[in-house]
Amino acid sequence: MKTLMTRDDFRQSVFERDSHRCVICGEPSKDAHHILERRLFPDGGYYIDNGASLCEKRHLLAESTQLSCDEIRQAAKITEINKIKRYEKAFYIFYYIVVFANIL
Ligand SMILES: [Zn+2]
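Numbering (the numbering used here), first residue to last: 31 to 134.
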């Protein structure tokens, strides 16, 4: 896990790591996608290992969860995800509590 970055550094670093290409289809990258939503991070989530370069089409698929976090990470060859995985786990636990509470 690398250090927290500014928004601009995040975008630039993610694009550079991915050679300015969409990690899924190889088209020129348009968005530095947050693999896990920004709002799940108390610190904004601007970590390079939470970023992936995507074209417009794949970004829409990612935002609508038709592309999974794991698929995107695999395509971007991201392996250092321990810290992010912890956030993800905490998020799902929280999410299920909220959903469950609404059912009751
Ligand atoms: Zn693409």
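The beta-carbon is built from N, C-alpha and C at its ideal position, and this holds for glycine as well.
| query | result |
| --- | --- |
| Whole alpha helix (DSSP H) elements within the region 34-100, 4-residue minimum | 37-47 and 86-93 |
| Contact set for E57: own chain, Cβ-Cβ below 6 Å, skip 5 residues either direction | C85 |
| Between the CA atoms of V53 and E101 - distance to the nearest angstrom | 10 Å |
| Closest residue to S43 among N80, F71 and R69 (Cα-Cα distance) | N80 |
| Burial state of V130, where buried means 16 or more other Cβ atoms lie within 10 Å | The sequence as given places Phe at residue 130; Val does not occur at that position. Its Cβ having fewer than 16 others within 10 Å, F130 is exposed. |
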